[in-house]
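Take a look at the structure set out below.
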Amino acid sequence: MNGSAKTFQDVIAKLHKAIASYHEGLVRIDREFHAPKKALNADQERNQEFRKSNWKLAFAKEWERNATAIA
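Numbered according to our numbering, the sequence shown spans residues -11 to 59.
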């Protein structure tokens, strides 16, 4: 296997890991907030959306880093 193919496979592996981590984090956040099976108050809803937004931002940064590594 040549160096560029190995590098590409490494980047793809990192992307797969980032996607799995992103999904796992969102599932964990949803599970945490839906565990009580009651309606969330306004503060809880804001906190949930804030945490999801942070996860999405972290994922975008990781994706950008890996895309830069490919280029």
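Every residue, glycine too, gets a C-beta built ideally from N, C-alpha and C.
Identify whether N29 lies in helix, strand or coil by the three-state DSSP scheme.
coil
In whole angstroms, what separates the C-alpha of T(-5) from that of E12?
26 Å
How big is the Cα-Cα spacing for A55 and E33?
33 Å
Examine the Cβ distances between the stretch 27 to 47 and the stretch -5 to 4 and report whether three or more of them are shorter than 8 Å.
no
Since L28 contacts F21 with CB under 8 Å, what's their CB separation in whole angstroms?
6 Å
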